[in-house]
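Converting from the sequence shown to my numbering requires adding 457 to each position, the first position being numbered 1. What follows is a single structure, written as structure tokens, with notes after it.
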Amino acid sequence: MSQKEIEFAVFCVENIADYLKMNAQDIYQLLGVKSRILFDYIVPSYEPLHTQSKEYIINEIVGMMKQKELI
458 MSQKEIEFAV
468 FCVENIADYL
478 KMNAQDIYQL
488 LGVKSRILFD
498 YIVPSYEPLH
508 TQSKEYIINE
518 IVGMMKQKEL
528 I
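What follows is the structure, given as structure tokens:
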């Protein structure tokens, strides 16, 4: 994982935590441990995702979290 991918992953976790009014650690657990969305989708999709707006990225990931019944 590159430094840019790590920074993007942190950006996603922190912004989703803010959006959902949850703790960033809890979001990491949901995205990285319970569902692997972080490692199976967010990091591999860094190139196309990082060019999108913050709102788009949050909506995309929150939608996936809802599909997987994480929230």
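All C-beta atoms, glycine included, are put in the ideal place defined by N, C-alpha and C.
Boundaries (first-last residue) of the alpha helix (DSSP H) holding residue 506 = Looking up residue 506 in the sequence shown gives position 49. 503-506 is the extent of the alpha helix (DSSP H) around residue 506.
So residue 528 is in the alpha helix (DSSP H); what residue range does that whole segment cover?
-> Locating residue 528 in the sequence shown gives position 71, where the first residue counts as 1. In the DSSP assignment, residue 528 falls outside any alpha helix (DSSP H), carrying neither H nor E.
Under the rule that 16 or more other beta-carbon atoms within 10 Å means buried, what is residue 494, buried or exposed?
-> Within the sequence shown, residue 494 is the residue found at index 37, counting from 1. The residue is buried, with at least 16 neighbouring Cβ atoms inside 10 Å.
Cβ distance (whole Å) where residue 469 is taken to contact residue 518 below 8 Å = In the sequence shown, residue 469 corresponds to position 12, counting from 1. In the sequence shown, residue 518 corresponds to position 61, counting from 1. Their Cβ separation, rounded to whole angstroms, is 6 Å, which keeps residue 469 and residue 518 in contact under 8 Å.
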